[in-house]
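Data first, discussion second: the structure below is written as structure tokens.
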Amino acid sequence: MKDRQTCSGKFEEIIYARLEPGDDLLRALWEICKKHDVKTGILLDATGSMHNVIVQRFPHQDHGGAGIDVVNIPGPLEVSAHGIIGMGWAPDKSVTPPSVVAPPGVTGFGFGGFAGHEAPYCHVHITVSSASQTVCGHLMEGSLLHGIPKEVDPITRRGEVPEHFTVAIAKVSGVVLRATWDKTGYYHELVPA
């Protein structure tokens, strides 16, 4: 049997949050984690509709780059997402993300799921469906929920009632997941809490 690093934790609580029109999904997750002091957890579900989604995914063709493509998918979109939550860990201030994977508008290490050292880390895989395609990839900043419509939808009353986009996060105690970016590279550390 292979010797793997493992740490044990326990579900402490489940946090439900309703997002608002125009929210950036990744930034909203970071804010919820900060508010509820989630150092390690699981994004159990994020379900709703969005205006656009920016994802990292494997390229359709090798283009000699970093082995990923960053794609902005316009909406309207139905989405479903899940992932792991931890803490961004970049203690050496001289280490910065390479520009090839950090496009303009991305905060710090946001392409990797966190904004900076000791900030919430969210590695989220999102499935996005439009009228013409379905794409799965790694959620990035700039993925926005629909704004408030100019006219009230006669069926859903959208524009008149609160948004229905909801996330469920399980907070875990007993272990800390660190998404570490240092001079050796990018990796996960599991640390007993």
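First residue of the sequence shown? That's 1 in UniProt numbering, and the numbers climb one at a time after it.
Heads up, the beta-carbon is just placed ideally off N, CA and C, and yes, glycines get one too.
Listed as beta-bridge partners of His82 by DSSP are His125.
When Cβ pairs closer than 8 Å are counted between the two stretches, the region 89-98 is seen not to touch the region 26-38, the count staying below three.
With a threshold of 16 other beta carbon atoms within 10 Å, Gly142 meets it and is buried. Per DSSP, Cys33 is one residue of the alpha helix (DSSP H) stretching across 25-35. If you draw a straight line from the Cα of Ile169 to the Cα of Lys2, it comes to about 31 Å. Looking at the DSSP output, Phe11 sits in a beta bridge with Val172. One Cα belongs to Lys10, the other to Ala28, and the distance between them is close to 24 Å. In terms of Cα proximity to Val55, the closest of Gln5, Asp182, Val128, Thr180 is Val128.
The C-beta distance from His125 to Cys136 rounds to 6 Å, short enough to meet the 8 Å contact threshold.
Check the Cα spacing between His82 and each of Leu44, Glu12, Asp24: the tightest is with Leu44.
According to DSSP, Ala179 shares a beta bridge with Gly88, His188. Pairing Val38 with Val172, the inter-Cα distance amounts to about 8 Å. Cα atoms of Glu118 and Phe109: separation of roughly 12 Å, rounded to the nearest angstrom. When the beta-carbon positions are compared, Pro21 and His146 come within less than 8 Å of each other. DSSP places Gly116 outside both helix and strand once states are collapsed to three, so it counts as coil. Taking all protein chains shown into account, Thr96 has fewer than 16 neighbouring C-beta atoms within 10 Å of its C-beta and is therefore exposed. Non-local beta-carbon contacts of Ile73 in its own chain, meaning distances under 8 Å to residues more than five positions away in sequence, involve Asn52, Val53, Ile54, Val55, Val128, Ser130, Gln133, Val135 in chain order.
Taking the Cα of Ala179 as reference, the smallest distance to any Cα among Arg4, Thr40, Glu13 is reached at Thr40.
The secondary-structure analysis by DSSP pairs Ile73 across a beta bridge with Val53. The DSSP-derived three-state label of Gly41 is strand.
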